[in-house]
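The listed protein sequences correspond, in order, to chains Y and R. For what it's worth, the numbering used here labels the leading residue of the first sequence as 780, then goes sequentially. For what it's worth, the numbering used here labels the leading residue of the second sequence as 89, then goes sequentially. Beta carbons are placed, not taken as given, at the ideal position from N, Cα and C, and that holds for glycine. The model shown is predicted, which means the values in this text are computed figures rather than measured ones. To keep things clear, I will list the structure first and then write my remarks on it.
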Amino acid sequence: DARVTQTPRDKVTEMGQEVTMRCQPILGHNTVFWYRQTMMQGLELLAYFRNRAPLDDSGMPKDRFSAEMPDATLATLKIQPSEPRDSAVYFCASGPSRGETQYFGPGTRLLVL
Amino acid sequence: DAKTTQPPSMDCAEGRAANLPCNHSTISGNEYVYWYRQIHSQGPQYIIHGLKNNETNEMASLIITEDRKSSTLILPHATLRDTAVYYCIVRVDGGNTDKLIFGTGTRLQVFP
């Protein structure tokens with residue numbers, strides 16, 4: 780049963796530290812998405828890639844956030860420096876090319892103190 | 089902004105049908121209606137989607153009105169495990185964007 784995997788599942792860090800979240804999309808999926816979920820804002824799209832190229836990162840704070848796909852099996856989301864307002868659950872999702880279905884990972888729960 | 093309107097919460101007795109409404113009065117001709125759900129502490133899960141015909145799969149049925157301004161997701165025999173937040177989303181298929189814009193959804197509580 781193919782699934783999107785995310786690591787770490789939980790992360791507690793102090794303000795100012797760098798945070799790296801990783802995602803392994805489903806094999807064969809060439810579209811990858813990063814979402815952030817908070818109680819106040821709900822689910823927000825941060826960025827997405829197709830064939831490893833960024834298509835849209837307009838939802839991502841550019842000064843501290845960066846998203847990359849070093850290869851087809853790995854997507855990363857980095858926050859440097861982290862701030863308490865970055866505390867949220869970060870979801871990665873993948874989908875087939877222009878596919879209608881996105882498959883979500885279990886999320887990374889981030890707490891910045 | 090989300091282009092859909094859903095009631096914030098609904099209750100349903102276990103074993104009964106759960107009918108979740110969604111309004112999308114500004115939907116365009118090439119926009120599909122998608123439903124996802126999010127069980128507590130998990131990532132969202134795809135349920136079903138449709139354009140203008142009614143659709144059914146192993147999870148649910150989707151009824152879209154003829155004018156396409158609203159739709160209803162039907163869980164025919166709700167179980168306690170169907171307790172979740174259900175999101176109705178309109179999305180263009182085949183375009184250059186795969187964005188899903190999540191609204192606030194409907195929190196469905198299935199009770200014994």
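- L806/Y has a beta carbon lying at 8 Å or more from every beta carbon in chain R.
- A872/Y sits buried, since 16 or more C-beta atoms from the chains shown fall within 10 Å of its C-beta.
- The beta-carbon of L822/Y is placed less than 8 Å from the nearest beta-carbon of chain R.
- In this structure, DSSP gives P95/R a state outside helix and strand, which the three-state scheme calls coil.
- According to DSSP, L150/R shares a beta bridge with E143/R and L161/R.
- Counting C-beta pairs with one atom in each stretch, the segment 157-173 of chain R and the segment 104-119 of chain R have three or more that are closer than 8 Å, which means they touch.
- By the criterion of a C-beta distance shorter than 8 Å, S149/R is surrounded in its chain by I136, N142, E143, L161, I162 and P164, once the five residues flanking it on both sides are discounted.
- Proximity of Q881/Y to chain R, defined by a Cβ-Cβ separation below 8 Å, is satisfied.
- For R801/Y against L834/Y, the beta-carbon gap comes to about 20 Å, at or over 8 Å, which does not count as contact.
- With a minimum length of 3 residues, the unbroken runs of beta strand (DSSP E) contained wholly in the segment 801-880 of chain Y fall at 810-817, 821-829, 832-835, 844-850, 853-858 and 867-874.
- With a cut-off of 8 Å on Cβ pairs, the segment 814-831 of chain Y is not in contact with the segment 784-797 of chain Y, counting fewer than three such pairs.
- Following the DSSP letters along the chain, one finds A166/R in no beta strand (DSSP E), marked with neither H nor E.
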